[in-house]
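Taking the numbering used here, I'd label the letters of the sequence shown as residues 632 to 1077.
Cβ atoms here follow ideal geometry from the backbone N, Cα and C, with glycine treated the same way.
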Amino acid sequence: MRLGNVHAYLIHGTRNVQQVFRCSKELTFEEFALRVAQKVKRLPAKDAALVAKDISGSSRLPLTETREEDRIWRKFHEIYESHLIGANAVSALTEFFIDTMIDELGTAATQGPIEIGIDEFMKHHMFRASTIALVGRKVFDIDPNFADVFWDYDEDFMSLLYGIPKFLCRKGSNARDKCLETVKGYLDEGWQNLDWRACHEQNPDWEPNFGSKLVREREVAMEKYGIGLDGRASFQMGLIWSINSNAIPMTSWIIIEILRRPEIFKRIQEEVATVFDKDTKQVDIVALKKLPLLNSVYLECLRLRSSVFVVRKLRNSIELDGYTLKEGNLVLAPSYLAHNAPEVWSSSAHPPEEFWPERFIKKGNSGISAGNYFPYGGGAAMCPGRNYAKQEILSAVVLFFAHFEIEPLRFVDRDGKTSDRGPEVGNEARGVARVDRDLLVRLRRV
């Protein structure tokens, strides 16, 4: 297929996808990531040009002869390894999120029962908790409506990526610009107010100026590399978007899929009771990751309620399944085809397209591999936030069920009008699908 002046090879089949993931030296993602930053996150041209100079990749061994101090992509990867991927970092971030989410849930339905959509609820309360855990509270001090503005931006993300003229996606474009100004203000204040000497000595996992160590370390690395304040705001806004735009709708999908199946809901409540301590209000994360039904629902939602295109650029020509894929072109591997492959996902009673909550209990790991199940991508460029995302999502589900009595009422469209159907997955390959029909529920505090 052809995308503008570039050819793109569409890849499917377990062995072919696995080979794509293995070819990290021949297939790179940095150029595409930079293009997204320019189109969607308004990365300034001068900063884009500076970052584009680094073509050494993110692996330990550089793809080209490059001084270590000039390897910004490698530096990003090292920061992710230390402050987003590693077990200690994931645990610290999850603890901050849980504490903040409990605070957020404490503000809901305090005057009696309320009626609200699941996705609407999560887009407010979970967004605030997740963002505060990541970057601190300052963005909400600068703009109390930051959550609403963020979701207006997210709504037009794909239009911005495709380069749709501004007058056709004005709401999203304006929201993007407003988000960037908020993040820029928060970063500027952070640099002015942080006691850098004390911070260096204490090295906290979280502090109120920049929030998490992940954000603080990225900020220091980018400033040292020469990226300006506007450029750093673009990259940090991208981090906020990457974590929230997928984790929050996935949480909504999981809760909706559970609530629309009363028998599954009952069993999930029983599982939740084993990992949530009513006295301390804390979640046992180790036990949470082992809950069979909740984890199966999570994995099934990732399979059917998300759709990604793994995108790589060919540095060199490669042979794949008897074909020569020529350098300079793109390789695309859509998860939709892999996640619906009959030879992997069919069972006697449950076809691939059916949402089956117990699929990953009954099936286990039989026949599943990185080539036919890759909701977080794969290879060297696999999503670095996948471990934290799982713990954040499952923790949010547990806390929601533990804090409220929930009565499902009806499905509604985005205008709040009653709908004759539940949410469906559209044809956008943007990660987790947006929830196009919400489940209205009545919430009463436990």
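Measuring straight from C-alpha to C-alpha, what distance separates residue i and residue j?
| i | j | result |
| --- | --- | --- |
| residue 887 | residue 749 | 7 Å |
| residue 817 | residue 992 | 45 Å |
| residue 901 | residue 736 | 21 Å |
| residue 829 | residue 838 | 11 Å |
| residue 760 | residue 979 | 42 Å |
| residue 856 | residue 703 | 7 Å |
| residue 805 | residue 784 | 8 Å |
| residue 751 | residue 899 | 22 Å |
| residue 1112 | residue 776 | A query on residue 1112 cannot be resolved here, the shown segment of the chain reaching from 632 to 1077 and no further. |
| residue 916 | residue 717 | 15 Å |
| residue 720 | residue 766 | 15 Å |
| residue 652 | residue 852 | 28 Å |
| residue 679 | residue 854 | 14 Å |
| residue 711 | residue 1010 | 15 Å |
| residue 1013 | residue 845 | 18 Å |
| residue 834 | residue 826 | 11 Å |
| residue 813 | residue 1034 | 32 Å |
| residue 942 | residue 951 | 16 Å |
| residue 859 | residue 1058 | 37 Å |
| residue 1077 | residue 866 | 40 Å |
| residue 1055 | residue 897 | 24 Å |
| residue 685 | residue 758 | 33 Å |
| residue 994 | residue 1039 | 30 Å |
| residue 683 | residue 701 | 11 Å |
| residue 638 | residue 953 | 18 Å |
| residue 973 | residue 959 | 33 Å |
| residue 709 | residue 681 | 19 Å |
Once you ignore the five residues that flank residue i on each side, which residues in its own chain have a CB closer than 6 Å to its CB?
| i | result |
| --- | --- |
| residue 990 | 931 |
| residue 675 | 861 and 862 |
| residue 935 | 986 |
| residue 643 | 968 |
| residue 727 | 764 and 837 |
| residue 965 | 940 |
| residue 782 | 754 |
Determine, using beta carbons only, whether residue i and residue j come nearer to each other than 8 Å.
| i | j | result |
| --- | --- | --- |
| residue 1122 | residue 1004 | The shown model of the chain, from 632 to 1077, leaves out residue 1122, and the question about it has no answer. |
| residue 1016 | residue 873 | yes |
| residue 843 | residue 724 | yes |
| residue 850 | residue 841 | yes |
| residue 1002 | residue 738 | no |
| residue 1030 | residue 914 | yes |
| residue 714 | residue 848 | yes |
| residue 1064 | residue 937 | yes |
| residue 705 | residue 687 | yes |
| residue 815 | residue 864 | yes |
| residue 1071 | residue 1037 | no |
| residue 810 | residue 780 | yes |
| residue 918 | residue 906 | yes |
| residue 1068 | residue 1046 | no |
| residue 1122 | residue 689 | This structure cannot settle anything about residue 1122, because the visible part of the chain is limited to 632 through 1077. |
| residue 1028 | residue 999 | no |
Taking 7 Å as the limit between beta carbons, can you name the residues of its chain near residue i, skipping five residues before and five after?
| i | result |
| --- | --- |
| residue 670 | 791, 792 and 794 |
| residue 956 | 640, 945, 948, 949 and 962 |
| residue 869 | 668 and 672 |
| residue 654 | 949 |
| residue 1022 | 721, 725 and 916 |
| residue 1041 | 1049 and 1071 |
| residue 762 | 770, 871 and 875 |
| residue 586 | Nothing in the structure corresponds to residue 586, since the chain is present only between 632 and 1077. |
| residue 977 | 983 |
Less than 8 Å between C-beta atoms, sequence neighbours within five positions excluded: which residues of the same chain meet that for residue i?
| i | result |
| --- | --- |
| residue 988 | 888, 889, 892, 895, 924, 927, 928 and 931 |
| residue 808 | 673 |
| residue 788 | 671, 803, 872, 876 and 1061 |
| residue 1024 | 878, 881, 882, 885 and 929 |
| residue 1006 | 933, 934, 937, 939, 966 and 970 |
| residue 1026 | 725, 728, 729, 732, 914, 916 and 919 |
Please report whether the beta-carbon of residue i lies at a distance below 8 Å from any beta-carbon of chain B.
| i | result |
| --- | --- |
| residue 917 | Judged by its chain identifiers, the structure shown contains no chain B, having just a single protein chain. |
Return yes when the C-beta of residue i is under 7 Å from any heavy atom of the ligand MG, and no when it is not.
| i | result |
| --- | --- |
| residue 689 | The model depicted lacks the ligand MG and carries no ligand whatsoever. |
What residue ranges within the stretch 908-964 form continuous alpha helix (DSSP H) runs of no fewer than 4 residues, ordered along the chain? With a minimum length of 4 residues, the continuous alpha helix (DSSP H) runs that stay inside the stretch 908-964 are 916-919 and 923-935.
May I have a chain-ordered list of the alpha helix (DSSP H) segments no shorter than 4 residues that lie completely inside the stretch 1012-1039? Every unbroken stretch of the alpha helix (DSSP H) spanning 4 or more residues and falling wholly within the stretch 1012-1039 is given here in chain order: 1017-1034.
So within the stretch 731-773, which uninterrupted alpha helix (DSSP H) runs reach at least 4 residues, ignoring any that extend past its ends? Correct list: 749-766 and 769-773.
Three or more C-beta pairs below 8 Å linking the stretch 655-666 and the stretch 682-695: Taking a cut-off of 8 Å on C-beta distances, the stretch 655-666 touches the stretch 682-695, as three or more cross pairs fall below it.
Given 8 Å, three or more beta-carbon pairs between the stretch 740-749 and the stretch 766-774: Contact between the stretch 740-749 and the stretch 766-774 is absent, because fewer than three Cβ pairs lie under 8 Å.
Length at least 4, wholly inside the stretch 819-905: the alpha helix (DSSP H) runs in chain order: Fully enclosed alpha helix (DSSP H) runs of 4 or longer: 827-833, 844-856 and 860-890.
Let me know the alpha helix (DSSP H) ranges lying completely inside the stretch 655-687, each 4 residues or longer, listed in chain order. Counting only runs of 4 or more, we get 661-672 and 676-683.
Would you mind listing the alpha helix (DSSP H) stretches within the stretch 776-821 that are 4+ residues and don't spill past its ends, in chain order? DSSP runs (the alpha helix (DSSP H)) wholly in the stretch 776-821: 777-786 and 788-792.
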